[in-house]
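Worksheet for the structure shown next.
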Amino acid sequence: MKIHIDKTKCYMSGECYYNHPEIFKMGDEGYPEVIYSDLDKNEIKQHAQEAAEVCPATALKLEL
Amino acid sequence: MSEADVDLGPEIDPRVFDSIDFQKNPFPVYRQLRDHHPIYHDRFHNRWVLSRYWDVDGAFQDNGSYDRAMYKADGPYEFGSRHIFGPNILEYGNSDEHRRLRNIVAGQFVGQKLQDFIPMIHQISEEVIDRFIDASEVELVSQFASQVPIRVISNMLGLPREDEDMFVTWYQHLIAGLGFGGEHLMRGLNARNEMWDYIDPIIKKRSVDPGEDLLSRICTAELAGSRMSAEEIKGFVALLLAAGGDTTEKAIANMWYHLMYTRPDQMVLALENEDLWENVFTEMMRYDPVVHAQFRFTTREIEIHEDVIPERAGVILYLGAGNRDERAFDNPDTFDILRTDLHMGRENRSGRYKDGKNGHLGFGIGQHFCMGYAMARQESAIACSKLAARIKDPRPKNSTHPGISSPSIDSGGFRSPEDLWIEFNR
Chain A
0 MKIHIDKTKC YMSGECYYNH PEIFKMGDEG YPEVIYSDLD KNEIKQHAQE AAEVCPATAL
60 KLEL
Chain B
0 MSEADVDLGP EIDPRVFDSI DFQKNPFPVY RQLRDHHPIY HDRFHNRWVL SRYWDVDGAF
60 QDNGSYDRAM YKADGPYEFG SRHIFGPNIL EYGNSDEHRR LRNIVAGQFV GQKLQDFIPM
120 IHQISEEVID RFIDASEVEL VSQFASQVPI RVISNMLGLP REDEDMFVTW YQHLIAGLGF
180 GGEHLMRGLN ARNEMWDYID PIIKKRSVDP GEDLLSRICT AELAGSRMSA EEIKGFVALL
240 LAAGGDTTEK AIANMWYHLM YTRPDQMVLA LENEDLWENV FTEMMRYDPV VHAQFRFTTR
300 EIEIHEDVIP ERAGVILYLG AGNRDERAFD NPDTFDILRT DLHMGRENRS GRYKDGKNGH
360 LGFGIGQHFC MGYAMARQES AIACSKLAAR IKDPRPKNST HPGISSPSID SGGFRSPEDL
420 WIEFNR
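These protein sequence lines are chains A and B, in that order.
Number 44 in numbering that gives the first Met the number 0 belongs to position 45 of the first sequence; there are no gaps in the numbering.
Number 331 in numbering that gives the first Met the number 0 belongs to position 332 of the second sequence; there are no gaps in the numbering.
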């Protein structure tokens, strides 16, 4: 699975990395970065889907 | 001359934090802290103090090192039972429970849900203004600022409009009970219990027959397969009154106070252009926000400014001091609603903005960033612009004012004026 972050849409609300710190962290400028997670694949997928749903900028797209 | 121009020199007597002077005008002490003690070990209160903008920001961002919770989420007691509001979200710290609970309610205060409430905010503001408009004067705190937010919350919860006045009375007693002891506390607890008795059957009803309102959503939301208990729901409602009602009330009062007594020349601008009320809100949240301090516990040793804060230490974050840091803002002690070095639009939980400007710290940042931030901003701006449109030539009734104060900045006591009389023409 891949997570695409659209930096033109993202306005750094921070919702993804504060709600799902197990898969995202704040990068230097405030944009999210995907981090290594030791959760199993299904859990990662579930967290990523939740993050995409709550993103107020609709800047996260999942490639399943 | 600004109140922060007083130079106290480098040495701090920690008893100053308990003084009336500090509650009224903390800014000279904030400057001492930033300039001479970027880390201050307050041995008298057994805590460490951070005051510079980027240090406060850094602590808010670093959940791995700074914890908000007083109790462990899996502690051997009824969770949150030792809090005056009963069990509530603030005590869940950085846990998964906190994130789940926050996500249930946070969505109610932003985006489309918030937009749906905008007409109600307009209507309630107009109704409250109707009550005093014929008098040609208003005591802003009790007659306006303390009326609008609680009526809006009552509506969000889906309570009958005819019960609003009752709710406002409970709210005013409850809030007075939080700040003071003695008879205020007794009246506050009585009001809380009356409110809980009132809301108990409504909770039962909404649990089985939910509507679209916030209370229904809280009643039916499932956390890890189970619903919140009636006690937890009642605790949350009480918390909402303080977190959503009292803060917005005091924000509105602080906006008008600073326009009337700190920058009357800029009050003219806001009265002429309703779009500027969001700027007034933002600059108030920087210059003198309702909340000046937040408390954290370290979960590890922290090296900072060639010093070390030990593990398990209490740390006070003076966001009110960070907001006045010249390392982040030019002429930080000037109240200026046209400021170009402050991010003026909607706040981000990350504290980072595409325009590259620094934001105010008034809502905190990160894991515990204020859930009601968008609501507070819109509600304050709408209520103030409505008032500005209805009253002509508003002016302070008294040429001098005793100023803004807090019952206790360090324990999160809200800063605001006790009263604020405005005279106007119709």
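Built from N, CA and C at the ideal position, the CB exists for glycine as well.
Problem - Inter-residue CB distance, Ile22/A and Leu59/A (contact presumed, cutoff 8 Å) - result: With a Cβ gap of about 11 Å, Ile22/A and Leu59/A do not count as contacting.
Exercise for the section: Could you tell me whether the Cβ atoms of Ala47/A and Asn18/A are closer together than 8 Å? Expected result: Cβ atoms of Ala47/A and Asn18/A: not closer than 8 Å.
Exercise for the section: Could I get the ranges of all uninterrupted alpha helix (DSSP H) runs contained in the stretch 91 to 126 of chain B, with 4 residues as the minimum, in chain order? Expected result: Entirely contained in the stretch 91 to 126 of chain B, the alpha helix (DSSP H) runs reaching 4 residues are, in chain order, 95 to 105.
Handout entry: Contact belief for Met370/B with Phe108/B at Cβ below 8 Å, rounded distance in angstroms
Key = Rounded, the Cβ-Cβ distance is 6 Å, consistent with contact.
Problem - CA-to-CA distance, Asp27/A to Met0/A, given in whole angstroms - result: The straight-line gap from Cα to Cα measures roughly 24 Å.
Handout entry: Inter-residue spacing [alpha-carbon to alpha-carbon] between Ile364/B and Gly63/B
Key = Cα-Cα distance, rounded: 14 Å.
Exercise for the section: State yes or no: is the beta carbon of Lys353/B nearer than 8 Å to at least one beta carbon in chain A? Expected result: It does; some Cβ of chain A falls within 8 Å.
Problem - C-alpha gap between Asn272/B and Ser379/B, whole angstroms - result: Our two residues, Asn272/B and Ser379/B, have alpha carbons roughly 15 Å apart in a direct line.
Handout entry: Asp392/B (DSSP reduced to helix, strand or coil)
Key = Asp392/B sits in a strand when the DSSP states are folded into three classes.
Exercise for the section: Classify His3/A as helix, strand or coil using the three-state DSSP reduction. Expected result: Reduced to three states, the DSSP call for His3/A is strand.
Exercise for the section: In angstroms with no decimal places, state the Cα-to-Cα distance between Asn424/B and Glu136/B. Expected result: Rounded to whole angstroms, Asn424/B to Glu136/B spans 8 Å at the Cα level.
Exercise for the section: Report yes if the CB atom of Leu258/B is closer than 8 Å to the CB atom of Met266/B, and no otherwise. Expected result: Contact check for Leu258/B against Met266/B passes: the beta carbons are separated by less than 8 Å.
Handout entry: Close Cβ partners of Phe334/B (< 7 Å) along its chain, the five nearest in sequence each way excluded
Key = The beta carbon of Phe334/B is closer than 7 Å to those of His257, Thr261, Arg262, Glu282 and Tyr286 in its chain, skipping five residues each way along the sequence.
Problem - Beta-carbon spacing of Ser36/A, Asn347/B below 8 Å - result: Between Ser36/A and Asn347/B, the gap from beta carbon to beta carbon reaches 8 Å or more.
Exercise for the section: May I have a chain-ordered list of the beta strand (DSSP E) segments no shorter than 3 residues that lie completely inside the stretch 226 to 274 of chain B? Expected result: Scanning the stretch 226 to 274 of chain B from its first residue to its last, no whole beta strand (DSSP E) run of 3-plus residues comes out.
Problem - Rounded separation between Asp66/B and Ile390/B - CA only - result: Looking at the two C-alpha atoms, the distance is approximately 46 Å.
Practice task
Could you name the residues of the stretch 100 to 129 of chain B whose beta carbon sits closer than 9 Å to any beta carbon of chain A, in the order they occur along the chain?
Solution key: Going along the stretch 100 to 129 of chain B in chain order, one finds Arg101, Asn102, Ala105, Gly106, Val109 and Gly110 with a Cβ nearer than 9 Å to chain A.
Handout entry: Closer than 8 Å to chain B by CB, Tyr35/A
Key = Residue-level contact check: Tyr35/A does not touch chain B, since none of the beta carbons of chain B fall below 8 Å from its beta carbon.
Practice task
State buried or exposed for Leu386/B, treating a residue as buried only when at least 16 other CB atoms are found within 10 Å of its CB.
Solution key: Counting Cβ neighbours within 10 Å, Leu386/B comes out buried, since at least 16 surround it.
Exercise for the section: Using three-state DSSP, classify Val137/B as helix, strand or coil. Expected result: The three-state reading of DSSP puts Val137/B in strand, counting E and B together.
Problem - CB contact check: Glu62/A to chain B, cutoff 8 Å - result: Closer than 8 Å: no.
Practice task
Give the straight-line distance between the Cα atoms of Gly79/B and Ala229/B, rounded to the nearest whole angstrom.
Solution key: With a pLDDT of 49 at Gly79/B, under the threshold of 50, the modelled position of this residue cannot be trusted; read the value that follows with caution. Roughly 14 Å separates the two Cα atoms.
Handout entry: Whole-angstrom distance between Val33/A and Met227/B, CA atom to CA atom
Key = Straight through space, the alpha carbons of Val33/A and Met227/B are spaced by roughly 32 Å.
Practice task
List the residues of chain A whose Cβ lies closer than 8 Å to the Cβ of Gln293/B, in chain order.
Solution key: Those do not exist, as Gln293/B stays about 16 Å from chain A at its closest Cβ, beyond 8 Å.
Exercise for the section: Sort Cys218/B, Pro331/B, Phe368/B and Gln377/B by Cα distance to Asp56/B and report the nearest one. Expected result: Nearest C-alpha to Asp56/B: Phe368/B.
Handout entry: Neighbour flag for Gly365/B against chain A, beta carbons, 8 Å
Key = So, interface residue.
Handout entry: Within 8 Å, strictly: CB atoms of Ala269/B and Pro416/B
Key = For the pair Ala269/B and Pro416/B, the CB atoms are not nearer than the 8 Å cut-off.
Exercise for the section: Determine the direct distance from the alpha carbon of Gly402/B to that of Arg414/B, and round the result to whole angstroms. Expected result: Rounded to whole angstroms, Arg414/B and Gly402/B show a C-alpha spacing of 10 Å.
Exercise for the section: List the endpoints of the continuous alpha helix (DSSP H) containing Asn189/B. Expected result: Unbroken alpha helix (DSSP H) run through Asn189/B: Gly181 to Val207.
Problem - Residues near Ile421/B by beta carbon distance below 6 Å, same chain, minus five either side - result: Answer for Ile421/B: Val137, Leu139 and Pro393, listed in chain order.
Problem - Strand pairing of Arg46/B, partner residues [DSSP] - result: The partner list for Arg46/B (beta bridge, DSSP) reads Asp41/B.
Problem - Where Met70/A falls: helix, strand or coil (DSSP) - result: Beyond the ends of chain A as shown, which are 0 and 63, falls residue 70/A; an answer cannot be given.
Problem - With 16 other Cβ atoms within 10 Å as the buried cut-off, status of Gly234/B - result: It counts as buried.
Practice task
Within its chain, find whatever has a CB closer than 7 Å to the CB of Ile33/B; leave out the 5 residues flanking it on each side and keep chain order.
Solution key: For the record, residue 33/B in the displayed sequence is Arg; it is not Ile. Non-local C-beta neighbours of Arg33/B in its own chain, meaning closer than 7 Å and more than five positions away in sequence, comprise Ser50, Arg51, Ala320 and Asp324, ordered along the chain.
Problem - Cα-Cα separation, Asp196/B to Asn45/B - result: Spanning the two alpha carbons is a distance of roughly 40 Å.
Exercise for the section: Note down, in chain order, each residue of its chain lying with its Cβ closer than 8 Å to the Cβ of Val307/B, except the 5 sequence neighbours on either side. Expected result: So the list reads Glu300 and Ile301, once near-sequence residues are dropped.
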